[in-house]
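Count the sequence shown with the working numbering and you get residues 400 to 529, in order.
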Amino acid sequence: MAHAVADGARSIVGTDVELNYYSPEEQLSDYDAILVGTPTYHHDMPGTIKNYFEEAAMKNVNLKSKIAGAFGSYGWSGEAPKLVLEILKNRFRMNVTEPPLLVNYAPDQTSLEKCFALGKRVAESLIQKA
Ligand SMILES: Cc1cc2nc3c(=O)[nH]c(=O)nc-3n(C[C@H](O)[C@H](O)[C@H](O)COP(=O)(O)O)c2cc1C
């Protein structure tokens, strides 16, 4: 899913895309948009992701007005991407321009196309702003 999102963003000329499993928290402020992939476990995001944003908040990483998005695979409830967006919007004052993109278990071709389209829309919105 992350690769498809990244490919979609890269399809817009002039967009630099980094696909990272992890970035140092301080590095987040280098980006114009951040799209977070997260599975849902026990009606929540994994603890590593929650702690990551907790750490970024403690370090006062400034993400204000940057674009935020979230996506992830899930089994039956799929809360995690929505919860991530709530943190990015309410704690970091990011600009959430897309609803969470949820895929049931493993993505099929149609879901990957939705991921591609998500990355592409976000990149287009950045190019328009530039
Ligand atoms: C221990 C465990 C707990 C899970 N809890 C939830 C849950 O609360 N809600 C949900 O929608 N899916 C839940 N799932 C399903 C996962 O979200 C689903 O398998 C997803 O595809 C995992 O993505 P991943 O393979 O990228 O880690 C759970 C799976 C496991 C193994």
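We put the beta carbon where it would ideally sit given N, CA and C, even for glycine.
- Residue state for F470 is assigned as strand, using DSSP reduced to three classes.
- For T496, the closest C-alpha among the options V502, L487, M444 and N503 is that of L487.
- Assignment of beta-bridge partners to D443 by DSSP yields Y440.
- In terms of Cα proximity to K463, the closest of V483, L500 and F491 is F491.
- Nearest Cα to L500 within the set L517, N494, S428 and A408: L517.
- At least one heavy atom of ligand 1 falls within 7 angstroms of the beta-carbon of T439.
- No heavy atom of ligand 1 is found nearer than 7 angstroms to the CB of S428.
- In this structure, ligand 1 has no non-hydrogen atom nearer than 7 angstroms to the beta-carbon of H402.
- With respect to the 8 angstroms criterion, V404 and L427 are not classified as neighbours on the basis of their beta carbons.
- In terms of side-chain proximity, the C-beta atom of Y504 is found nearer than 7 angstroms to a non-hydrogen atom of ligand 1.
- Here the alpha carbon of T437 sits roughly 20 angstroms from the alpha carbon of E425.
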